[in-house]
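Novice:
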Ligand code: M6R
């Protein structure tokens, strides 16, 4: 049932304040007068000691689920103190990459039925790793086969393009980071700030959804373009990849997510006054580096659109010569949840304006159960 919406993708984008609330329900413990705020993930609590002892955490997924894990990687590394490596499931299988008994392998999948992710899970189990599932489907193949896990509880997602599941996956992995790091006194303040940020996140998502009309206007400007480049780094490298995936998948427009630190190693050659480039430059530890990227793209007459934190348009906007998307600022590790939402809206509006099927894109299936 699409309710008041015309399409499932549109409904699922706008549902995110509620889906995120459901994802967090019962899992964030506010703490008493002298008790610290903490996180309770029932499906993981008996395995936290083993996870803390592991030599490495390996995130495995495909498509949007991989991107969600990539967005969460920095906070998992920071709070757990354990190195995190990333694996696209098919590539892990193609390489027969090394997985050890001392590894914790985390399988991220909305459907819980993706063939590559499932086979990678079987492979990791054979190699003795502790296998954790992060899925949206109770009773799915991945949920059943993993040793333990967390349901993302985002509610049924019907649009082939994953939207609300993406933001809920990031939130679940941020909570996983909090739970694994829960025994470290030195990061307690940081953890409490993130928990406060999580509690307020649905409000911030409501605010950013108000950009719907602006994103429609931006889509009108971009609808006849051949291509869109998206530059991100740090927490928002994943946002760049995920924006590009959405634009390709539903709007059938070429788009590429680029790690901004790689700009001078090739992509800069593409820059001219025609090719639209979206730069994600919200305020975090990478901000000044992104400001310099913007300057360099501008110096080459790039056709820029910049996403920045609210109130910082002047610091990134090149004296009004480029279009700016201002978003509310949240805790750095949660910013990818906020930043992707206008870009989901952009992909949605581009698709409608270009006249394509937004819920059932050409050639794609919701869950990829064959290899
Ligand atoms: O169900 P999964 O999360 O395992 O699916 C993985 C990908 O097939 C999926 O995320 C795909 O990339 C989406 N359609 C993207 O919107």
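Numbering (full-length UniProt numbering), first residue to last: 337 to 707.
Backbone N, C-alpha and C define an ideal beta-carbon position, used for all residues, glycine too.
Given a cut-off of 8 Å, decide if residue 672 and residue 529 are closer than it, judged by their beta-carbon atoms.
Specialist: For this step, residue 529 is matched to residue 193 along the chain shown. For this step, residue 672 is matched to residue 336 along the chain shown. No, the Cβ-Cβ distance between residue 529 and residue 672 is not below 8 Å.
Novice: Pairing CB atoms from the stretch 516-532 with CB atoms from the stretch 643-650, are three or more of them under 8 Å?
Specialist: no
Novice: Which term fits residue 355, buried or exposed, when burial requires 16 or more other beta carbons within 10 angstroms of its beta carbon?
Specialist: Counted from its first residue, the chain shown places residue 355 at position 19. Buried, because 16 or more other Cβ atoms sit within 10 Å of the Cβ of residue 355.
Novice: What did DSSP end up calling residue 670 once you bin it into helix, strand or coil?
Specialist: What you label residue 670 is simply residue 334 of the chain shown in a count that begins at 1. Note: residue 670 maps to helix in three-state DSSP.
Novice: Can you name, in chain order, every residue of its own chain whose Cβ lies under 7 Å from the Cβ of residue 663, other than the five neighbours on each side?
Specialist: Counting from one through the chain shown, the residue named residue 663 turns up at place 327. Cβ neighbours of residue 663 beyond the five flanking positions: 544, 618, 643, 645, 646, 674, 675 and 678.
Novice: Could you check if residue 705 belongs to the surroundings of the ligand M6R, using beta carbon to heavy atom distance under 7 Å?
Specialist: Residue mapping note: residue 705 aligns to position 369 of the chain shown, counting from 1. No; taking the cut-off as 7 Å, the Cβ of residue 705 has no heavy atom of the ligand M6R nearer than that.
Novice: Rounded to the nearest angstrom, what separates residue 451 and residue 704 at their Cα positions?
Specialist: The residue you call residue 451 lines up with position 115 of the chain shown. The residue you call residue 704 lines up with position 368 of the chain shown. One C-alpha to the other measures close to 6 Å.
Novice: Taking the alpha helix (DSSP H) that residue 579 belongs to, which residues open and close that run?
Specialist: The residue you call residue 579 lines up with position 243 of the chain shown. 573-587 is the extent of the alpha helix (DSSP H) around residue 579.
Novice: Less than 8 Å between the CB atoms is what I'm expecting for residue 401 and residue 446, so what's the real figure, rounded?
Specialist: What you label residue 401 is simply residue 65 of the chain shown in a count that begins at 1. What you label residue 446 is simply residue 110 of the chain shown in a count that begins at 1. So it is a contact: roughly 6 Å between Cβ atoms.
Novice: For residue 469 and residue 621, I'd like the C-alpha separation in whole angstroms.
Specialist: Residue 469 sits at position 133 when you count from the first residue of the chain shown. Residue 621 sits at position 285 when you count from the first residue of the chain shown. Each residue's alpha carbon lies about 30 Å from the other.
Novice: Quick one: Cα of residue 496 to Cα of residue 381, how far?
Specialist: Within the chain shown, residue 496 is the residue found at index 160, counting from 1. Within the chain shown, residue 381 is the residue found at index 45, counting from 1. If I take the Cα positions, the gap works out to 33 Å.
Novice: Considering only residues of the stretch 393-452, which uninterrupted beta strand (DSSP E) runs meet the minimum length of 3 residues and lie entirely inside it, listed in chain order?
Specialist: 420-424 and 439-445
Novice: Who does residue 467 pair with in a DSSP beta bridge?
Specialist: Residue numbering aside, residue 467 sits at position 131 when the chain shown is read from its first letter. 441, per the DSSP bridge assignment.
Novice: Cβ of residue 581 within 7 Å of any heavy atom in the ligand M6R?
Specialist: Numbered from 1 along the chain shown, position 245 holds the residue referred to as residue 581. Checking the Cβ of residue 581 against the ligand M6R gives yes.
Novice: Rounded to whole angstroms, what is the Cα-Cα separation between residue 692 and residue 685?
Specialist: Position 356 of the chain shown, counting from 1, holds the residue named residue 692. Position 349 of the chain shown, counting from 1, holds the residue named residue 685. So the two alpha carbons sit approximately 10 Å from each other.
Novice: Which residues bound the beta strand (DSSP E) around residue 616?
Specialist: Along the chain shown, read from residue 1 onward, the residue named residue 616 stands at position 280. Residues 612-617.
Novice: Using the beta-carbon count (16 or more within 10 Å), is residue 403 buried or exposed?
Specialist: As a position in the chain shown, residue 403 is number 67, starting the count at 1. Flag for residue 403 reads buried.
Novice: So residue 376 and residue 365 are in contact, right, with Cβ under 8 Å, and what is the actual spacing, rounded?
Specialist: Translated into the one-based positions of the chain shown, residue 376 becomes position 40. Translated into the one-based positions of the chain shown, residue 365 becomes position 29. So it is a contact: roughly 6 Å between Cβ atoms.
Novice: Given the structure, does residue 372 come close to the ligand M6R, in the sense that its CB is under 7 Å from one of the ligand's heavy atoms?
Specialist: Taking the first residue of the chain shown as position 1, residue 372 is located at position 36. Checking the Cβ of residue 372 against the ligand M6R gives no.
Novice: Within the chosen definition, does the stretch 608-618 reach the stretch 630-641 through at least 3 CB pairs nearer than 8 Å?
Specialist: yes
Novice: Can you name the start and end residues of the beta strand (DSSP E) that residue 659 belongs to?
Specialist: Within the chain shown, residue 659 is the residue found at index 323, counting from 1. Unbroken beta strand (DSSP E) run through residue 659: 659-663.
Novice: How far does the beta strand (DSSP E) with residue 533 in it reach, from first residue to last?
Specialist: Taking the first residue of the chain shown as 1, we reach residue 533 at position 197. Element bounds for residue 533: not the beta strand (DSSP E) but the alpha helix (DSSP H), 524-545.
Novice: Over what stretch of residues does the beta strand (DSSP E) that includes residue 486 continue unbroken?
Specialist: Looking up residue 486 in the chain shown gives position 150. That run of the beta strand (DSSP E) goes 484-487.
Novice: Should the stretch 437-445 be called in touch with the stretch 456-470, which here means at least 3 C-beta pairs below 8 Å?
Specialist: Touching, yes, given that three or more Cβ pairs across the two stretches are closer than 8 Å.
Novice: Tell me whether residue 446 counts as near the ligand M6R, meaning its Cβ is closer than 7 Å to at least one heavy atom of that ligand.
Specialist: The residue you call residue 446 lines up with position 110 of the chain shown. Yes, the beta carbon of residue 446 sits closer than 7 Å to at least one heavy atom of the ligand M6R.
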